[in-house]
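Data first, discussion second: the structure below is written as structure tokens.
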Amino acid sequence: MTNIYESNIWKFYLYRIVSTMDLTVSTFILFLLSNNLTITQVMTLQTIFVALILLLEIPSGAFADIYGKKLSISLGIFCATISYLIFAVGTNYLTFLIAMIFMAFCWALTSGADSALLFDSLKEAKKEKKYAKIFGKGNFLVLLNWAFLALIGSYLSIHIGYRNLFLISAFLFFIGSIIAISFKEPPIHKKVNENNYFRHIAEAVKFSKDHKVVKNLIIYFGIFAALGHITWILIQPFYEQSTLPSYLIGIATFLYFISAGARKSAC
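Structure below.
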């Protein structure tokens, strides 16, 4: 007899693909610059975005524990829908800041909730040993998705404009939020109250501080993640200011995500 939570596995793959179908992945920074933002303002928006994610991590985790992981995921992807609708009509720094705030809520509400829901589903299906393989495959599909969307998005931006890319992506995100709400919520065997939750966070921080290997891994990941993100931000205006054809931005971003996906697949 098939476990009822096994359906969450293929839904997880579908959710990861649809909810990350961002057609602006190779033109996002160019869109902001085309609206007369400076590169300093763009970097400021990205800094605020990352800072908000860090601030929202704990309360968003508590939200998922109390109201359910699938609701947290679905609400997060819906925030991405709102964010991209605002980007589609926005023309100045303030409107883009509001859009970035909604996107930060998206990342915070989905980060950890989707992986936890997958693990709990596999645990109920007695297949938790397959978690790393399934979750890794999901991440690989996301990178592969972004690679091809980089090519498609750069081509479409020439013919239909940046704003329509945001509108199409917003629609796809909305579909992703519907897929997320269709997950079968695994039962919570040990309910974590607010006091226990914050105590576990404090213990995790102390563990990371006291164990050199863990601390170094966190620093290593942070540095290389930051370098990768900065590369993604700067590569778009660099290619635009060069004499190379604009479609090469899509090819460069395609190669960036393909190489990242190849490394992920090899791990």
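The numbering used here puts the first residue of the sequence shown at 730, with every later residue one more than the last.
Here a beta-carbon is modelled for each residue, glycine too, at the ideal position from N, C-alpha and C.
Reference residue i; option with closest CA among the options
| i | options | result |
| --- | --- | --- |
| Ile908 | Ser748, Val871, Tyr860, Asn732 | Ser748 |
| Lys910 | Met829, Ile806, Glu853 | With the sequence shown as reference, residue 910 is identified as Ile, and Lys is not the correct amino acid for it. Ile910 has its Cα closest to that of Ile806, out of Met829, Ile806, Glu853. |
| Leu826 | Thr776, Ile897, Lys913 | Thr776 |
| Tyr860 | Thr839, Asp751, Ser844 | Ser844 |
| Gln965 | Val942, His940, Ala899, Gly882 | Gly882 |
| Leu880 | Leu984, Ser801, Phe967 | Leu984 |
Limits of the alpha helix (DSSP H) - the one that residue i falls within
| i | result |
| --- | --- |
| Thr749 | Premise fails: Thr749 is in no alpha helix (DSSP H) and is neither H nor E. |
| Thr810 | 798-818 |
| Glu857 | Looking at the DSSP string, Glu857 is not in any alpha helix (DSSP H), and its letter there is neither H nor E. |
| Ser763 | 757-763 |
| Ile733 | Neither: Ile733 is in no alpha helix (DSSP H) and is coded neither H nor E. |
| Thr839 | 822-839 |
Expected contact under 8 angstroms - CB spacing of residue i and residue j to nearest Å
| i | j | result |
| --- | --- | --- |
| Tyr742 | Leu846 | Actually they are not in contact, since the Cβ atoms of Tyr742 and Leu846 sit about 13 angstroms apart, beyond 8 angstroms. |
| Ser886 | Leu894 | 6 angstroms |
| Phe953 | Ala809 | Between Ala809 and Phe953 the Cβ distance is about 25 angstroms, and since that is not below 8 angstroms, they are no contact. |
| Ile1002 | Ala828 | Nothing can be reported for residue 1002, as the shown portion of the chain is limited to 730 through 996. |
| Thr756 | Tyr891 | 6 angstroms |
Local Cβ density within 10 Å of residue i, reported as buried at 16 or more and exposed below that
| i | result |
| --- | --- |
| Tyr744 | buried |
| Ser994 | The predicted model places Ser994 with a pLDDT of 49, which falls under 50 and marks its position as unreliable; any figure quoted below should be read in that light. The residue in question, Ser994, is exposed, as its Cβ has fewer than 16 Cβ neighbours within 10 Å. |
| Gln970 | exposed |
| Val942 | exposed |
| Asp849 | buried |
| Ser780 | The displayed chain sequence assigns Ala, not Ser, to residue 780. Looking at its Cβ environment, which holds fewer than 16 other Cβ atoms inside 10 Å, Ala780 is exposed. |
| Phe936 | exposed |
Beta carbon proximity, residue i to chain B, threshold 7 angstroms
| i | result |
| --- | --- |
| Ser755 | Considering every chain present, this structure includes no chain B. It has just one protein chain. |
Discussion item. As an exercise, report each continuous beta strand (DSSP E) stretch of at least 3 residues that is fully enclosed by the region 867-920, in chain order.
Written reply: none
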